[in-house]
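Novice: Chains as they are written, first to last, in the numbering used here: chain R, 1 to 231; chain D, 1 to 231.
There are 2 protein chains.
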Amino acid sequence: MCTGTEDQPNVTSAIKDPMRGNPARVARTRGKIFDAVITNLDELGYSECSINRVQTLAGVSRGALTHHFPSKEEMMVKTLEHLLAPVRGTAPPDGEANLLRPSRDCDCLQEQLHRLWRRVINTREGRALMEILVAARTDKALSARITPSLWAYNDDFNRNIAHLYSAAEGHEDELALLWSICRSFMRGLHTQAPYERDPEIITKMVDLFGRIMAPHLSARASQGDTDEEPI
Amino acid sequence: MCTGTEDQPNVTSAIKDPMRGNPARVARTRGKIFDAVITNLDELGYSECSINRVQTLAGVSRGALTHHFPSKEEMMVKTLEHLLAPVRGTAPPDGEANLLRPSRDCDCLQEQLHRLWRRVINTREGRALMEILVAARTDKALSARITPSLWAYNDDFNRNIAHLYSAAEGHEDELALLWSICRSFMRGLHTQAPYERDPEIITKMVDLFGRIMAPHLSARASQGDTDEEPI
DNA sequence: ATCGTAAAACAGAACGCTTGGTCTGTTCAA
DNA sequence: TTGAACAGACCAAGCGTTCTGTTTTACGAT
Chain R
1 MCTGTEDQPN VTSAIKDPMR GNPARVARTR GKIFDAVITN LDELGYSECS
51 INRVQTLAGV SRGALTHHFP SKEEMMVKTL EHLLAPVRGT APPDGEANLL
101 RPSRDCDCLQ EQLHRLWRRV INTREGRALM EILVAARTDK ALSARITPSL
151 WAYNDDFNRN IAHLYSAAEG HEDELALLWS ICRSFMRGLH TQAPYERDPE
201 IITKMVDLFG RIMAPHLSAR ASQGDTDEEP I
Chain D
1 MCTGTEDQPN VTSAIKDPMR GNPARVARTR GKIFDAVITN LDELGYSECS
51 INRVQTLAGV SRGALTHHFP SKEEMMVKTL EHLLAPVRGT APPDGEANLL
101 RPSRDCDCLQ EQLHRLWRRV INTREGRALM EILVAARTDK ALSARITPSL
151 WAYNDDFNRN IAHLYSAAEG HEDELALLWS ICRSFMRGLH TQAPYERDPE
201 IITKMVDLFG RIMAPHLSAR ASQGDTDEEP I
């Protein structure tokens, strides 16, 4: 392969069509694979999320899988970007939007954090993301591939919350830091929740955490509740 | 084997000595293995912490390893208990003690949290513990084995901090919950620190978190600075 | 004191199985 | 007719477990 056959100059009209035959079929296949990866990561963990298992669960052949994702690393990188997409700047691929927006004006921070935990962090997607992050810590190649995506995600995240939340007066510069703390706390909850004797403890933790953070973080009065894409 | 030969009733004095030949030699071998497991978990992660790697790094034979830990699950369970031991009620095996105690009376919570992060959480041992916790979430067998240890650890932890810290008045019952929040936050930091553009951000996060928690959590005046085992 | 012996402690080969990657072949759409 | 999309076989390497040997140690009988 790649033995340097020069491209024919007299081909009728197509110079070289890099995007030829890929209708929504590609999107469907990749979607099935993403879904299988996420489910496997959530239920079996990173170490058991093998190519074979993904292939079986997604109901696609080995060839299809390797065609879209030449290596396991590639599969994980693309899955992570797929998971990060809903929060990123541009239009989310589908499904849930405005994940961070406080849904009501008279909504206290506690309820917002509860919703964040239930609807974003403690979900299949949230747990799958966690698995990739933990695995990448000790996998330098994977880490190098995902770090730029994570940085871009972080920038978009900070840009978005700046419109929706504000820090206490006198500490306006701490908004991003405050949300980083919230995220860290919630991610840590992932390693605590499965081993808690009483599941109610997690709820109480989120509740108390919200009460503690409330004086430092509040939702902005949402100017105009139109459907201008918030995240 | 086990073909039911009846035990001789006229054996002179030894009924059956289950603890025969185990001098400090066993402790040395197991120590080397624990150390290798911890290092591998920290540097390669759970999925790459294979028996072969542990055996090589520890410098012991396959037979020695399987003798002490008949299965990988057993190895991980015992390693976790080894990691939890320093905080547990009875004497720590060796090395670091009083991990939680505020080292000085006039010590603010921020500094105590910084020390907790640097000296306990963000260490080889802390990261190895994290790897096991994350892996066990999706490994039901492992999870079932470690859950009792984690519960006991939790109880000891809460018992110990009750002597060292107190919650704000009016909320004395929230002490355990407050420390659970601290632990969750710090564990979450594990998945944030490796990807942070500026390492200083982590320090700032711990700092701000400490400032926010300070009104709710304070060290007790340490009555008697003698060397009565604090943890 | 020394010996015999049984079990603990260790050594290492071998097993069946799964892994991720590569390869050749087939179908489909432009 | 071309290349993207898919199908499935194949491979060496590594996995965790099991197995049979060998060495070391403690201890009661001599």
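Backbone N, C-alpha and C fix where the C-beta goes; we use that ideal spot for every residue, glycine too. If you're wondering where the values come from, they're calculated on a predicted model, not measured in any experiment.
Of the choices R:124, R:143, R:61, R:138, whose alpha-carbon is the least far from that of residue 138 of chain D?
Specialist: R:124
Novice: Specify whether the stretch 161-175 of chain R and the stretch 167-178 of chain D touch according to this definition: at least 3 beta carbon pairs, one from each stretch, less than 8 Å apart.
Specialist: When C-beta atoms of the stretch 161-175 of chain R are compared with those of the stretch 167-178 of chain D, fewer than three pairs fall below 8 Å, so the two segments do not count as touching.
Novice: With DSSP collapsed to three states, give me the class of residue 184 of chain D.
Specialist: In the three-state scheme derived from DSSP, where H, G and I count as helix and E and B as strand, residue 184 of chain D is classed as helix.
Novice: Pick from R:56, R:186, R:68, R:129: whose alpha carbon is nearest that of residue 41 of chain R?
Specialist: R:129
Novice: Can you tell me whether DSSP reads residue 168 of chain D as helix, strand or coil?
Specialist: coil
Novice: Compare the C-beta of residue 114 of chain D with all C-beta atoms of chain R and state if any pair is closer than 9 Å.
Specialist: no
Novice: Is DSSP giving residue 219 of chain R helix, strand or coil here?
Specialist: Strand.
Novice: Which residues of the stretch 20-41 of chain D have a Cβ closer than 7 Å to any Cβ of chain R? Give them in chain order.
Specialist: none
Novice: Name the chain R residues whose beta carbon is nearer than 9 Å to that of residue 44 of chain D?
Specialist: 138, 139
Novice: Could you tell me whether any Cβ in chain R is nearer than 9 Å to the Cβ of residue 93 of chain D?
Specialist: For residue 93 of chain D, the predicted model reports a pLDDT of 40, less than 50, meaning its position is unreliable and no value from the coordinates is stated.
Novice: From what residue to what residue does the alpha helix (DSSP H) around residue 190 of chain R run?
Specialist: Segment: none, residue 190 of chain R is in no alpha helix (DSSP H) and carries neither H nor E.
Novice: Could you confirm whether any beta carbon from chain D is found closer than 9 Å to the beta carbon of residue 201 of chain R?
Specialist: yes
Novice: I'd like the list of long-range same chain contacts for residue 206 of chain R, defined as Cβ closer than 7 Å, with 5 residues on each side in sequence excluded.
Specialist: Taken in chain order, the residues that qualify are 113, 114, 117.
Novice: Could you name the residues of chain R that residue 204 of chain D contacts, counting a contact when the two beta carbons are closer than 7 Å?
Specialist: For residue 204 of chain D, the chain R residues whose C-beta falls within less than 7 Å of its own C-beta are 177, listed in chain order.
Novice: In three-state DSSP terms, what is residue 138 of chain R?
Specialist: coil
Novice: When DSSP labels each residue in this structure, what does residue 148 of chain D get in the three-state scheme?
Specialist: helix
Novice: Hey, could you find the ends of the alpha helix (DSSP H) residue 174 of chain R is sitting in?
Specialist: Taken as a continuous stretch (DSSP letters only), residue 174 of chain R belongs to no alpha helix (DSSP H), as it is neither H nor E.
Novice: Compare the C-alpha of residue 181 of chain D against each of R:162, R:209, R:166 and name the closest.
Specialist: R:209
Novice: Please list, in chain order, the chain R residues whose beta carbon lies closer than 7 Å to that of residue 172 of chain D.
Specialist: By Cβ distance, chain R contributes nothing, its closest Cβ being about 14 Å from residue 172 of chain D, past 7 Å.
Novice: What residues of chain R sit near residue 151 of chain D, judged by a beta carbon separation below 7 Å?
Specialist: Residues of chain R passing the Cβ test: 197.
Novice: Quick one: give me the first and last residue of the alpha helix (DSSP H) that residue 283 of chain R is part of.
Specialist: No statement about residue 283 of chain R is possible, as the shown extent of chain R runs from 1 to 231 and does not include it.
Novice: In whole angstroms, what is the alpha-carbon distance linking residue 155 of chain R and residue 162 of chain R?
Specialist: 11 Å
Novice: For residue 184 of chain D, count neighbouring Cβ atoms within 10 angstroms of its own Cβ and tell me buried if that reaches 16, exposed if not.
Specialist: buried
Novice: So which residues of chain R does residue 135 of chain D contact, with C-beta pairs closer than 8 Å?
Specialist: 45, 47
Novice: To which residues of the same chain is residue 84 of chain R closer than 7 Å at the C-beta, ignoring the five residues directly before and after it?
Specialist: 149, 153
Novice: Determine, for residue 61 of chain D, whether the minimum Cβ-Cβ distance to residues of chain R falls below 9 Å.
Specialist: No, residue 61 of chain D does not count as interfacial toward chain R.
Novice: Taking the alpha carbon of residue 170 of chain R as the reference point, which residue from R:199, R:134, R:217 has its own alpha carbon closest?
Specialist: R:217
Novice: State yes or no: is the beta carbon of residue 82 of chain R nearer than 9 Å to at least one beta carbon in chain D?
Specialist: no
Novice: Compute the Euclidean distance between the alpha carbons of residue 132 of chain D and residue 80 of chain D, then round it to the nearest angstrom.
Specialist: 7 Å
Novice: Along chain D, in chain order, which residues have C-beta atoms closer than 7 Å to that of residue 189 of chain R?
Specialist: 184
Novice: Roughly how many angstroms separate the alpha carbons of residue 144 of chain R and residue 110 of chain D, rounded to a whole number?
Specialist: 32 Å
Novice: Contact defined as beta carbons within less than 8 Å: I believe residue 121 of chain D pairs with residue 186 of chain D. What is the distance between those atoms, to the nearest angstrom?
Specialist: 5 Å
Novice: Going by beta carbon distance, what residues of the same chain come within less than 6 Å of residue 46 of chain R, once the five residues before and after it are set aside?
Specialist: 131, 135.
Novice: What's the gap between the Cα of residue 310 of chain R and the Cα of residue 56 of chain R?
Specialist: Residue 310 of chain R lies beyond the residue range present for chain R, which begins at 1 and ends at 231; the question has no answer from this structure.
Novice: Using three-state DSSP, classify residue 196 of chain R as helix, strand or coil.
Specialist: Residue state, collapsed to three classes: coil.
Novice: What in chain R is Cβ-close to residue 180 of chain D, meaning under 8 Å?
Specialist: Those are 192, 201, 205, listed as they occur along chain R.
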